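Residue numbers (this note's numbering): 5 to 421. Note sheet for the following structure.
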Amino acid sequence: MTEFKSNFLNLMSSRGYIHQCSDEAGLDAAATDGIVTAYIGYDCTAKSLHVGNLISIMMLRKLQQAGGKPIVLMGGGTTKVGDPSGKDESRQLLTEDDIEANKKSIQKVFEKFLTFGDGPTDAIMLDNDVWLSELNYISFLRDYGRHFSVNRMLSFDSVKLRLDREQPLSFLEFNYMILQAYDFLELYRRHGCTLQMGGSDQWGNIINGIELGRRTDQAQLYALTTELLTTSSGAKMGKTAQGAVWLDADMLSAWEYWQFWRNTEDSDVGRFLKLFTECPLDEVARLEQLEGAELNEAKKILATQATALVHGEEAAQDCLKTATETFEAGGTSQNLPTIDMSAESLKMGIGILEAFVMAGLASSNSEARRLVQGGGAKLNDATVSDIKLQITPEHAVNDGTIKLSSGKKKHVLLKPV
RNA sequence: GGAGGGAUGCCCGAGUGGCUAAAGGGGACGGGCUGUAAACCCGUUGGCUAUGCCUACGUUGGUUCGAAUCCAACUCCCUCCA
């Protein structure tokens, strides 16, 4: 590991964020001499960011901790174009209304990680739609288009991938990298932003921005990327059965979020503690050394700290408590996800299959039936063997709730009201 | 505008008249082993008021006792030419 002079790069390096840097020495010097202003751009393609975006959010947080100024750039404009990087086919174009709604919803997350304000190192949030939608086609081409060589653009991975696979790449998407390069220049001019960070898939786009800045403004800009995050077994981070691991509590509960981290693979624990928690490095080193089942302690710390950042300390502690009660004491915690049901219909008797669907543990009666037949369905911790079983008020235990489980990990309480 | 190729289940992909709710793989879910891990092994994987019924191979019609498979028109996509 290289030793840096600046707090910023030392922090980034020691916690494993750095994959590639365009000019380590130059950036190190800049970060030592003054406040570095850096930005990361976020697409507005979904209502919430997910775990895959988390590493970059953490980078902005670390930047601020190390005395830099973070800029969160919402891609209100670039989302209208669509980033071809890493996708082998075009996405459906989103409407402007959708983009606007997504943008509003995404913004909330950042307030948990960054301090916004007017001070020199306070974070600011911008939307590139402000300048991109103002552009005049001809003058833009003459002022900036001439700095881009199509020959070179064709060699970029994001483009090459499509061409090699003979997948379509529209001219619209082809322009994405130019717009992203222009963003960097615009942020340099408006806010003195000299560093763009992002995942390694953004490297080409970032370098384009650096080049453009040098050619038009003789600016010295920098790129810093992280490894694209995968688990040790190679799976992309952030995808689970239900879909992405969202950061928004409305889309994924704190409990599920905690469980996601709790189920981290052994070999990822140390790496994730460094990237996704504020756990001191010597403590991480100690936790990493744990063997076998003891490593579960480290996973709980990982889960609780990571959850605290997104959902708050209190929610994280609740999750830890719930998990301990449920998995270690083998009991039933009242903090498990609870679904209300009608007490009236319970009196009439509710079919076990219907109950599993109601609890969200199965998407159809047939799926619930298969779950029962496969021996994975439990009612109050007892395996259900009869698909015709009727649930009645007599099944309500522990405070009048009924516990349904799918497999060992997923539990839901039904509460008659 | 011309010539050719394509559209199949969550995804990839086989299937060219009945044996097809549709091979195979991936993913996912459940079980086993374990530590709420990984790897590995086994099972499941359209829906329903269920020994039956309904829906489904781009859309709409047609041929046929019978169509994912044959025919026609249409929609969308790709490649090459202009």
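Virtual Cβ for every residue (Gly too), placed ideally from N, Cα, C. Here the structure is a predicted model, which means the values were calculated and not measured.
Check each candidate in the options and name the one with the smallest Cα separation from residue i.
{"i": "residue 157", "options": "337, 179, 306 and 307", "result": "179"}
{"i": "residue 39", "options": "333, 145 and 11", "result": "11"}
{"i": "residue 355", "options": "365, 348, 19 and 369", "result": "369"}
{"i": "residue 181", "options": "398, 160 and 50", "result": "160"}
{"i": "residue 296", "options": "286, 284, 269 and 313", "result": "269"}
{"i": "residue 278", "options": "210, 59, 223 and 85", "result": "59"}
{"i": "residue 375", "options": "385, 360 and 69", "result": "360"}
{"i": "residue 154", "options": "62, 377 and 212", "result": "212"}
{"i": "residue 328", "options": "377, 266, 379 and 342", "result": "266"}
{"i": "residue 114", "options": "84, 185, 45 and 320", "result": "45"}
{"i": "residue 151", "options": "221, 195, 103 and 174", "result": "221"}
{"i": "residue 332", "options": "73, 76, 301 and 148", "result": "301"}
{"i": "residue 30", "options": "233, 137 and 223", "result": "223"}
{"i": "residue 320", "options": "51, 416, 293 and 253", "result": "253"}
{"i": "residue 379", "options": "400, 411 and 308", "result": "411"}
{"i": "residue 193", "options": "66, 218 and 62", "result": "218"}
{"i": "residue 348", "options": "26, 204, 37 and 419", "result": "419"}
{"i": "residue 281", "options": "20, 326 and 259", "result": "20"}
{"i": "residue 117", "options": "104, 68, 162 and 124", "result": "68"}
{"i": "residue 121", "options": "73, 314 and 109", "result": "73"}
{"i": "residue 414", "options": "363, 305, 371 and 404", "result": "363"}
{"i": "residue 317", "options": "258, 119, 125 and 187", "result": "258"}
{"i": "residue 70", "options": "140, 175, 42 and 56", "result": "42"}
{"i": "residue 135", "options": "184, 107, 389 and 106", "result": "184"}
{"i": "residue 107", "options": "125, 84 and 123", "result": "84"}
{"i": "residue 4", "options": "9, 421 and 18", "result": "Not covered by the structure: residue 4. The range shown for the chain is 5 to 421."}
{"i": "residue 25", "options": "191, 336, 201 and 189", "result": "201"}
{"i": "residue 409", "options": "421, 388 and 393", "result": "388"}
Taking residue i as part of the beta strand (DSSP E), name the residues at either end of that continuous run.
{"i": "residue 129", "result": "128-131"}
{"i": "residue 415", "result": "414-420"}
{"i": "residue 228", "result": "226-230"}
{"i": "residue 75", "result": "73-78"}
{"i": "residue 279", "result": "It is not in any beta strand (DSSP E) - residue 279 instead sits in the alpha helix (DSSP H) that spans 273-280."}
{"i": "residue 200", "result": "199-203"}
Assuming residue i and residue j form a contact by the criterion Cβ under 8 Å, report the distance between their Cβ atoms to the nearest whole angstrom.
{"i": "residue 82", "j": "residue 132", "result": "6 Å"}
{"i": "residue 342", "j": "residue 323", "result": "Going by Cβ atoms, the distance from residue 342 to residue 323 rounds to 14 Å, so no, they are not a contact pair."}
{"i": "residue 397", "j": "residue 350", "result": "6 Å"}
{"i": "residue 130", "j": "residue 77", "result": "5 Å"}
{"i": "residue 227", "j": "residue 262", "result": "No, residue 227 and residue 262 are not in contact; Cβ-Cβ is about 34 Å, not under 8 Å."}
{"i": "residue 23", "j": "residue 215", "result": "At roughly 20 Å, the Cβ-Cβ gap does not stay under 8 Å, so residue 23 and residue 215 are not in contact."}
{"i": "residue 13", "j": "residue 32", "result": "5 Å"}
{"i": "residue 86", "j": "residue 48", "result": "Wrong, their Cβ atoms sit about 11 Å apart, outside the cutoff."}
{"i": "residue 229", "j": "residue 203", "result": "6 Å"}
{"i": "residue 353", "j": "residue 406", "result": "13 Å between Cβ atoms; not a contact."}
{"i": "residue 148", "j": "residue 186", "result": "6 Å"}
{"i": "residue 403", "j": "residue 338", "result": "6 Å"}
Beta carbon of residue i: closer than 6 Å to some heavy atom of the ligand FAD?
{"i": "residue 323", "result": "With respect to the ligand FAD, the structure offers nothing, as it holds no ligand at all."}
Going by DSSP, what residue range makes up the alpha helix (DSSP H) through residue i?
{"i": "residue 52", "result": "From DSSP, residue 52 is part of no alpha helix (DSSP H); its letter is neither H nor E."}
{"i": "residue 157", "result": "154-158"}
{"i": "residue 220", "result": "207-221"}
{"i": "residue 43", "result": "From DSSP, residue 43 is part of no alpha helix (DSSP H) but of the beta strand (DSSP E) over 41-46."}
{"i": "residue 116", "result": "100-117"}
{"i": "residue 182", "result": "180-195"}
{"i": "residue 264", "result": "258-266"}
{"i": "residue 22", "result": "No alpha helix (DSSP H) contains residue 22, which DSSP labels as neither H nor E."}
{"i": "residue 36", "result": "28-37"}
{"i": "residue 146", "result": "141-147"}
{"i": "residue 289", "result": "285-292"}
Checking the sheet assignment: what are the DSSP bridge partners for residue i?
{"i": "residue 120", "result": "127"}
{"i": "residue 1", "result": "Within the shown structure, residues of the chain are numbered from 5 to 421, placing residue 1 beyond reach of any answer."}
{"i": "residue 250", "result": "54"}
*Where in the region 299-356 do unbroken runs of the alpha helix (DSSP H), each at least 4 residues long, occur, reported from the N-terminal end onward?*
299-315, 317-327 and 347-352
_List, from N- to C-terminal side, the alpha helix (DSSP H) runs of 4 residues or more that fit wholly inside the region 364-407._
369-377
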